[in-house]
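Asker: Chains as they are written, first to last, in the working numbering: chain A, 1 to 318; chain B, 319 to 475. Note that CB positions come from ideal geometry on N, CA and C, so glycine has one too. Predicted model, so just to flag it, every value in this text is computed and none were measured. Okay, here's the structure, questions in a sec.
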Ligand SMILES: Cc1cc2nc3c(=O)[nH]c(=O)nc-3n(C[C@H](O)[C@H](O)[C@H](O)COP(=O)(O)OP(=O)(O)OC[C@H]3O[C@@H](n4cnc5c(N)ncnc54)[C@H](O)[C@@H]3O)c2cc1C
């Protein structure tokens, strides 16, 4: 058998006519077979391989303390476990136990080193519990938008330039290519894309959520739709948005360096206050008048003066 | 149940699947859900969208590679019809599966139950929380859950 071959584990019962094949000469052969079996499914296989073995290899490499320090950076240490967890190749309980074991091993750092990672696993559990409660209602706005815009002001469909990854923005086009090619994106990239689509392009979050679900290997209406709603502000006190300084910092400038709009025309190149004024309409009930105490009550402004916002935003995510 | 078959669904493609654990060696089946892959179920598409689009090939490939590492037959089509046909082919007296979060799993179990008894096993939870849990915001959930999760960690030592 070729080293690249993919053979299913042996079955203790006989095949039936119509069973799908469980043996392939190569990954390429699997891809060709899937094209034949699922003609409506577009694109290629992801370079990310499925399966328990891959999942265990990743699990053995988790570093909770490094994770806590670097998780907001695109090149920071994150686990890449989400597709395996989503489909139960690994259960969340197994990941939890592996983290505990790592923390308790010599040099593991104990509880403090693991708090961030365990907290993130908690986010998954939280969204799953909400899905159970909401059912298919997870596709509807959970609360009214806090953007000052009527829901009808948002376009129903994904714009063609976004769907094709030719927005002209090096960052967004890079993320879109990665989504389409690999089916996995860093959390921060997902947040930036969602904010760009919903706030800058003013598209309904559902259009973006649906697009993500087609491509993400970890695509899950719970984590996905509710994160989109968190960005859109139908499941949070304020819309999530970002500026160039934030994206540049957490992507180590990689995109901005090669972006044709770097010098002029970057829609993110502004202070948070400028962007807020540009993207959102005043919320009549909370922002009427010039009264400072009223202004403070605007949920979007709470505790986020523009100067420090570039740094504080990423930790106040979702 | 003396001789059930196992229905494996897309939330439990690993050895922690409680159905695989409770009935090792029993015939098991996974069905590539045609409607779901076409984007016509709320698992993959907005129910309000009139023009559903199919799930990309890489997602199917990922599932396929997970499935090749499990003792499971693979089918494609209507899940209920395929699972029942598999059960008949194996002379099964019932179907065992694992609980899912997706309401689609529950719906399929209800349809299967019209024909055969269905046993739904709960996977090990991330954290056990008794009674009603306030899910209004993550912070409220986490105030309760965090303590329980870490209590379990110290028991492990
Ligand atoms: C717009 C948007 C859409 C998203 N869609 C999905 C989705 O469809 N499926 C999905 O699993 N996650 C989704 N996320 C959450 C998060 O981005 C991914 O879980 C994470 O980036 C996966 O990478 P990782 O496994 O390296 O995560 P790590 O940071 O290494 O975290 C470990 C595990 O914790 C869980 N986790 C971490 N962060 C989150 C989070 N914010 N929400 C929920 N669970 C989390 C995941 O299971 C993850 O595998 C989305 C986030 C946003 C902003």
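If I follow the unbroken beta strand (DSSP E) through residue 258 of chain A, where does it start and stop?
Answerer: Here residue 258 of chain A belongs to no beta strand (DSSP E); instead the alpha helix (DSSP H) covers 254–258.
Asker: With a threshold of 6 Å on Cβ separation, who are the neighbours of residue 173 of chain A within its own chain once the five nearest residues in sequence on each side are excluded?
Answerer: 165 and 167
Asker: Would you mind sorting residue 82 of chain A into buried or exposed? The rule is 16 or more other CB atoms within 10 Å of its CB.
Answerer: By the 16-neighbour rule on beta-carbons within 10 angstroms, residue 82 of chain A is buried.
Asker: Determine, using beta carbons only, whether residue 209 of chain A comes closer than 9 Å to chain B.
Answerer: yes
Asker: Within 8 Å: the Cβ of residue 442 of chain B and any heavy atom of ligand 1?
Answerer: No, the beta carbon of residue 442 of chain B sits no closer than 8 Å to any heavy atom of ligand 1.
Asker: Secondary structure at residue 14 of chain A, three-state DSSP: helix, strand or coil?
Answerer: In this structure, DSSP gives residue 14 of chain A a state outside helix and strand, which the three-state scheme calls coil.
Asker: Residues of chain A with CB closer than 9 Å to the CB of residue 427 of chain B, please, in chain order.
Answerer: Within 9 Å of the CB of residue 427 of chain B, no CB atom of chain A is found; the nearest one sits about 15 Å away.
Asker: Are the Cβ atoms of residue 34 of chain A and residue 326 of chain B separated by less than 9 Å?
Answerer: no
Asker: Expressed to the nearest angstrom, what Euclidean distance is found between the alpha-carbon atoms of residue 30 of chain A and residue 214 of chain A?
Answerer: Looking at the two C-alpha atoms, the distance is approximately 20 Å.
Asker: Who pairs with residue 23 of chain A in a beta bridge, going by DSSP?
Answerer: A/7
Asker: Ends of the beta strand (DSSP E) at residue 38 of chain A?
Answerer: Taken as a continuous stretch (DSSP letters only), residue 38 of chain A belongs to no beta strand (DSSP E), as it is neither H nor E.
Asker: For residue 517 of chain B, verify whether its CB is less than 8 Å away from any heavy atom of ligand 1.
Answerer: A query on residue 517 of chain B cannot be resolved here, the shown segment of chain B reaching from 319 to 475 and no further.
Asker: Report the option in B/455, B/329, B/453 and B/320 whose CA atom is closest to the CA atom of residue 384 of chain B.
Answerer: Residue B/329 is the option with its Cα nearest to residue 384 of chain B.
Asker: Report the three-state DSSP secondary structure of residue 351 of chain B (helix, strand or coil).
Answerer: strand
Asker: Can you pull the chain B residues whose beta carbon is under 8 Å from the beta carbon of residue 31 of chain A, in chain order?
Answerer: 375 and 379
Asker: Taking residue 240 of chain A as the reference, give the member of A/260, A/109, A/41 and A/194 with the closest Cα.
Answerer: A/194
Asker: Taking only three categories from DSSP, how would you classify residue 473 of chain B?
Answerer: helix
Asker: CB-CB under 7 Å to residue 110 of chain A, same chain, minus the five flanking residues each way: which ones, in chain order?
Answerer: 103
Asker: Return the residue from the list A/147, A/159, A/126 and A/218 that minimises the CA-CA distance to residue 84 of chain A.
Answerer: A/218
Asker: Hey, would you say the C-beta of residue 147 of chain A is under 8 Å away from at least one heavy atom of ligand 1?
Answerer: no
Asker: Here's the rule: buried if 16 or more other CB atoms are within 10 angstroms of the residue's CB, otherwise exposed. What is residue 69 of chain A?
Answerer: So residue 69 of chain A ends up on the exposed side.
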